[in-house]
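These notes are about the structure you will find just below.
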Amino acid sequence: MNASSAPRAAGDLADAPPLIRLRQIGKRYGSGATAFEALRGVSLDVAAGDFVAIMGPSGSGKSTALNLLGCLDTPTSGEYLFRDVHVERLSRDERAMLRRRELGFVFQGFNLLARTTAQENVELPLLYRGERPAARHAAALQALADVGLDRWADHTPAELSGGQQQRVAIARAIATRPTVLLADEPTGNLDSARSVEIMALLRGLNETRGITILMVTHEPEMALWARRIVHFVDGRIASDRRLGDEERVRWAPGQTAAAQGDGSVDAPTGTDTDAPKAPAPTGSPA
Ligand code: ADP
68 MNASSAPRAA GDLADAPPLI RLRQIGKRYG SGATAFEALR GVSLDVAAGD
118 FVAIMGPSGS GKSTALNLLG CLDTPTSGEY LFRDVHVERL SRDERAMLRR
168 RELGFVFQGF NLLARTTAQE NVELPLLYRG ERPAARHAAA LQALADVGLD
218 RWADHTPAEL SGGQQQRVAI ARAIATRPTV LLADEPTGNL DSARSVEIMA
268 LLRGLNETRG ITILMVTHEP EMALWARRIV HFVDGRIASD RRLGDEERVR
318 WAPGQTAAAQ GDGSVDAPTG TDTDAPKAPA PTGSPA
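The numbering of the sequence shown is this note's numbering, which starts it at 68 and goes up by one.
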């Protein structure tokens, strides 16, 4: 159920059996004259341990594809197999179960609960899973340590910089030990230095823990952290290319630690563009 801990070399993946298979996926929104085909016959295999950047112009179907892959929506036609299970035949509850067991999500806007500490945010998916408090606390603190933020466990999002908030969101996504991480523009709200930290973190999760990553991005330099780039155009896959080692951003295990440090690089007292937001008014909705 959990991700393999074995690091994978890029060359291994071509021969590995696919974890995910999309077969001629179609997705139509609406009906009749206003119907719109957002996906038009998408076929894609993803092996366990791959790191796929999904690119393409606005409206090309990237988010629709990520929503389907994340079991948040169902296709209109075609097949989606996850570990040989037909996802398109599952009930809503079965899909939710698959999501909780196997998938983690990271979003552009971090999506943290505002008046809730980093630790409580990270514990949420474990709570939904029915984990006991002691196990939840331990797993959340471990996940926060994994992203270099264990010392920030008691802080609320307003007390954290954008880069730190995204790291909390990544901790929340990995606390359940997912097989696959789905990331929708994870660096879209961050400056370039913070973006590199987030990409180094994702790369580390992929390379050292074997977590499969599917990441939508419109930034070519972020896509070069992945192993493979899939381009969508008009609801179809226009190209699917595995990156050579010389093209990929160089990364070594030590780099994650160096880039993240203990939070000091990304401290909320900084004067850079990534400074934290002012504390939310107490009356504002979470
Ligand atoms: P991308 O992520 O590449 O920008 P999307 O997958 O969000 O593209 O959207 C693909 C197309 O489907 C767009 O033209 C969009 O307007 C349309 N679309 C997306 N979601 C819906 C929806 N819920 N209802 C109707 N049309 C939608």
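Heads up, the beta-carbon is just placed ideally off N, CA and C, and yes, glycines get one too.
Coil, strand or helix - residue 229 by DSSP:
helix
At a threshold of 7 Å, does residue 299 count as lining the ligand ADP (C-beta to nearest heavy atom)?
yes
Identify which residue in 149, 137, 288 has its Cα closest to the Cα of residue 90.
149
Would the C-beta of residue 105 count as close to the ligand ADP, meaning under 7 Å from any of its heavy atoms?
yes
Would you mind sorting residue 179 into buried or exposed? The rule is 16 or more other CB atoms within 10 Å of its CB.
buried
Mind checking whether residue 281 and residue 173 have CB atoms under 8 Å apart?
no
Using a 10 Å radius around the Cβ and a threshold of 16 neighbouring Cβ atoms, would you call residue 194 buried or exposed?
exposed
If we require 4 or more residues per run, which alpha helix (DSSP H) segments fall completely within the segment 237 to 290?
259 to 276, 287 to 290
Any chance the segment 90 to 99 sits against the segment 133 to 150, with 3 or more Cβ pairs inside 8 Å?
yes
Rounded distance between the beta-carbons of residue 130 and residue 251, thought under 8 Å
7 Å
Skipping 5 residues on each side, what residues in its chain have a beta carbon closer than 6 Å to that of residue 234?
214, 216
Closer than 8 Å by C-beta to residue 325: which residues in its own chain qualify, once you throw out the five before and the five after it? Chain order, please.
Any reading at residue 325 needs caution, since the residue's pLDDT is 39, under 50, leaving its predicted position unreliable; the model's value is listed next. Nothing listed; no residue qualifies.
Flag residue 147 as yes when its Cβ comes closer than 7 Å to any non-hydrogen atom of the ligand ADP, and as no otherwise.
no
Looking at the structure shown, is residue 84 part of a helix, part of a strand, or coil, going by DSSP?
coil
Secondary structure at residue 175, three-state DSSP: helix, strand or coil?
coil
Please report the residue range of the beta strand (DSSP E) in which residue 111 lies.
103 to 114
Counting only the same chain and skipping the five closest in sequence on each side, list residues whose C-beta sits under 6 Å from that of residue 298.
122, 123, 305, 306
Express the C-alpha separation of residue 296 and residue 111 in angstroms, rounding to a whole number.
12 Å
Less than 7 Å separating the Cβ of residue 301 from some heavy atom of the ligand COA?
The ligand COA is absent from the structure shown, which contains only the ligand ADP.
In chain order, what residues of the same chain lie with their CB nearer than 6 Å to the CB of residue 196, ignoring the 5 residues before and after it?
167
Let's see if you can read the secondary structure: which residues bound the alpha helix (DSSP H) around residue 168?
159 to 169
Nearest residue (CA-CA) to residue 181, options 226, 210, 141, 140
226
Near residue 273, what residues of its chain come up, given a Cβ to Cβ distance below 6 Å and the 5 sequence neighbours on each side ignored?
118, 280
Check for me: the beta strand (DSSP E) holding residue 298 runs from which residue to which?
295 to 300
With a Cβ-Cβ cutoff of 8 Å, do residue 116 and residue 271 count as a contact?
no
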